[in-house]
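Written out below as structure tokens is the structure these notes cover.
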Amino acid sequence: MSTPPPRAYKRIATEEAWATPELIQHYVKILETRSINDPGFYSLWGFFGKSQTPRARDLFERVQDLGERRLSDMDATGIDMQLLLLTAPGVQVFDAATATALAISTNDQLTATIRQHPSRYAGLAAVAPQAPQAAAKELERSVNQLGLKGVVINSHTQGEYLDDEKFWDIFAAAEALDVPVYIHPNTPSPQMIAPFLSRCLDAGIYGFAAETGLHALRLIVSGVFDRFPKLKVVLGHLGEGLPYWLYRIDFMHAGIVRSNRSEGVKPLKKKPSDYLRENFYYTTSGMPWEPSISFVQKLMGHDRVMYAMDYPYQYVAEEVTAMDNLPLSAEQKKMFFQTNAETLFKL
Ligand code: 1DF
Ligand code: MN
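First residue of the sequence shown: 1304, per the numbering used here; consecutive thereafter.
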């Protein structure tokens, strides 16, 4: 038997979830005491925490493992490297002091693991937006001292969005460090979740995209990217639906600005679509489907779209094969799987 030719690219998966046992214990305590007001948290983690199905039990274990099991799962699907992101909702459900301390210990533990397996893992910092100045400091420490590659924010923080200027020290730090902010999904905020919940539409099926797409649009129309023009934001799930809306968002936004309808909308230097093309990057987490990927590559450029698996939540070997078979030139495929991630995250 002849051996297949070596692959011409590394497969780097860029939205891979992990958690510390310590964080999970905090989640279990919230589930037991019902101590926070976040229906989406109970919907998402109640399912895992009570291990209600074999799939939930399995995910619950895999998300906490950074050792042999994860590495052999990566080998089984041909993933060379994972970029690790603290799973949703990260530390964003706790009080500010608890969240700030947990972010620090989480980043330290992530760094220790990466140093054991530097060719297999890289990671983003977790921060607590509840304490924005401490979050900015922790991002600086994570990048400059720990070697982490950016920061993950799991969408809303107790119903608040990062377009509120009180959070902008985080963006200032990210821009100054030249590292990306990955806005990862969370379940819809308490203000908007009711009609999702009653039909189980709150998580990956649609609610995540509604929540995270809204968050990204709030950032754009609030002027975040006029204030921080070099800020880089990453969206998973091929942009949480926004690329499909590009034309209509521009058309409607222009009308809203002209009508002077609200203090919340001021003129921007550019069209919303310009920011989505110039400040944003897109990963394929959960969307391993050629028509959508080709569409986003066509709109945003081949240098802005990169591979993500969304391990362990979407751990499917056939999807990797489908991505290998995307209709791309050799050069484009290497950008998609490897070099776009290396460039953006400085791997
Ligand atoms: C799921 C998906 C759960 C994602 C997640 O966090 C999550 C899921 C608990 O499918 O159960 O972050 N996701 O990124 O799509
Ligand atoms: Mn994810």
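Just so you know, even glycine gets a beta-carbon here, dropped at the ideal spot from N, CA and C.
Could you have a look at residue i and say whether DSSP puts it in helix, strand or coil?
i	result
Leu-1545	helix
Gly-1426	strand
Trp-1321	strand
Val-1560	helix
Tyr-1618	coil
Ile-1339	coil
Thr-1401	helix
Thr-1642	helix
Gln-1412	helix
Arg-1521	helix
Ser-1501	coil
Thr-1380	helix
Tyr-1509	coil
Val-1394	coil
Thr-1624	helix
Ala-1431	coil
Gly-1349	helix
Ala-1311	coil
Gln-1419	helix
Lys-1637	helix
Thr-1515	helix
Leu-1451	coil
Report the partner residues of residue i according to the DSSP bridge assignment.
i	result
Phe-1583	Val-1536
Gln-1385	Ala-1316, Tyr-1424
Tyr-1330	DSSP, once it has assigned bridges, lists no residue as partnering Tyr-1330.
Ile-1456	Ile-1486
Met-1609	Thr-1586
Glu-1566	Per DSSP, none; premise fails for Glu-1566.
Glu-1443	Paired residues: none, contrary to the question.
Glu-1463	Thr-1460
Whose C-beta lies closer than 7 Å to the C-beta of residue i among residues of the same chain, with five residues either side of it excluded?
i	result
Ala-1620	Ala-1379, Thr-1380
Pro-1591	Glu-1622, Ala-1625, Met-1626
Asp-1466	Arg-1521, Leu-1522, Ser-1525, Val-1527
Thr-1460	Gln-1395, Pro-1432, Gln-1433
Asp-1553	Lys-1574, Pro-1575, Ser-1576
Leu-1500	Pro-1342, Ser-1346
Ala-1399	Ala-1431, Gln-1433, Ala-1434
Ala-1406	Val-1394, Ala-1429, Val-1430, Ala-1431, Glu-1441
Leu-1549	Ser-1576, Leu-1579, Leu-1602
Would you say residue i reaches chain D, if we count a Cβ-Cβ gap shorter than 7 Å as a contact?
i	result
Phe-1363	Given the protein chain composition of this structure (a single chain), no chain D is represented.
Can you list, in chain order, the residues of its chain with a C-beta nearer than 8 Å to that of residue i? Leave out the 5 residues immediately preceding and following it.
i	result
Ser-1597	Leu-1629, Pro-1630
Gly-1604	Arg-1580
Arg-1530	Trp-1471, Phe-1474
Using the Cα positions of residue i and residue j, report the straight-line distance between them to the nearest angstrom.
i	j	result
Ser-1445	Val-1524	29 Å
Ile-1315	Ala-1415	20 Å
Ile-1382	Arg-1561	49 Å
Ala-1633	Ala-1311	8 Å
Gln-1494	Ala-1512	16 Å
Leu-1388	Ala-1429	8 Å
Gly-1542	Thr-1515	9 Å
Arg-1358	Tyr-1618	11 Å
Gly-1558	His-1329	46 Å
Ala-1425	Ile-1417	6 Å
Ser-1588	Ser-1576	22 Å
Glu-1463	Pro-1309	47 Å
Ile-1486	Pro-1570	24 Å
Phe-1583	Val-1537	6 Å
Leu-1451	Trp-1321	15 Å
Lys-1469	Ser-1458	16 Å
Gly-1544	Tyr-1509	10 Å
Val-1505	His-1518	Checking the sequence, you will find Asp at residue 1505 rather than Val. Near 15 Å, if we compare the C-alpha coordinates of His-1518 and Asp-1505.
Lys-1572	Asn-1563	16 Å
Pro-1615	Ser-1422	19 Å
Cys-1503	Asp-1613	20 Å
Met-1638	Thr-1646	9 Å
Gln-1249	Ile-1327	An answer regarding residue 1249 cannot be provided, because it is not within the stretch 1304 to 1650 covered by the chain.
Ala-1497	Gln-1419	44 Å
Can you list, in chain order, the residues of its chain whose CB lies under 6 Å from that of residue i, leaving out five sequence neighbours each side?
i	result
Thr-1403	Ala-1431, Ala-1434, Ala-1437
Thr-1586	Thr-1317, Glu-1318, Gly-1539, Met-1609, Ala-1611
Phe-1350	Ala-1359
Ile-1333	Ile-1339
Ala-1693	Residue coverage of the chain in this structure runs from 1304 to 1650, which leaves residue 1693 outside it and unanswerable.
His-1556	Pro-1575
Pro-1546	Val-1599, Leu-1602
Would you check whether the ligand HEM has a heavy atom nearer than 6 Å to the C-beta of residue i?
i	result
Asp-1376	Although the ligand HEM was asked about, the structure shown includes only the ligand 1DF and the ligand MN as ligands.
- request: Take every Cβ of the stretch 1431 to 1439, pair it with every Cβ of the stretch 1473 to 1482, and state whether three or more of those distances are shorter than 8 Å.
  value: yes
Requested in this report: Evaluate contact between the stretch 1488 to 1502 and the stretch 1339 to 1347, counting only Cβ atoms and requiring at least three cross-stretch pairs below 8 Å.
Outcome: Proximity of the stretch 1488 to 1502 to the stretch 1339 to 1347 meets the contact definition, three or more beta-carbon pairs being nearer than 8 Å.
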